[in-house]
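Under our numbering, the first residue of the sequence shown is numbered 3, with each subsequent residue one higher.
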Amino acid sequence: MSKLLNLLGNAIRSQREHLGLSQENLAERCGFDRTYISMLERGKRNPSLLNLLKLAKGLETSVSKLTEVLNGSSTD
């Protein structure tokens, strides 16, 4: 599971940086705390589906695009 969370965290960070957003900016867009964004990016939190939807909107992308890095990955 941690491998998947790390992959998702990397995808979140990559898209955030692509948009030129800080963790604080993204947190404000999504209604989250900056520490939650940090934990997601480090693979330390497993986001709910509702939070993935909020993240995708804040990152100006879709959930499927955000999670496509998980395709073909096996769980630990």
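Virtual Cβ for every residue (Gly too), placed ideally from N, Cα, C.
Since we're looking at a predicted model, the values are computed, not measured.
Neighbourhood of residue i by C-beta, 6 Å cutoff - its chain only, sequence neighbours within 5 removed
{"i": "G60", "result": "L28, R31 and C32"}
{"i": "I14", "result": "L42 and E43"}
Check whether residue i and residue j have beta carbons under 8 Å apart
{"i": "E62", "j": "L21", "result": "yes"}
{"i": "L7", "j": "G45", "result": "yes"}
{"i": "A58", "j": "S50", "result": "no"}
Euclidean distance between Cα positions of residue i and residue j
{"i": "L54", "j": "Y38", "result": "12 Å"}
{"i": "M3", "j": "G74", "result": "13 Å"}
{"i": "K56", "j": "R18", "result": "13 Å"}
{"i": "R47", "j": "S16", "result": "17 Å"}
{"i": "L52", "j": "N12", "result": "19 Å"}
Sequence-distant residues of the same chain with beta carbon closer than 8 Å to residue i, five excluded per side
{"i": "D35", "result": "A29"}
Residues of its chain near residue i, where Cβ-Cβ distance is below 7 Å and the 5 sequence neighbours each way are ignored
{"i": "S40", "result": "Q25"}
- Message: Below 8 Å, how does it come out for the stretch 65-72 and the stretch 19-27: are there three or more Cβ pairs, yes or no?
- Response: no
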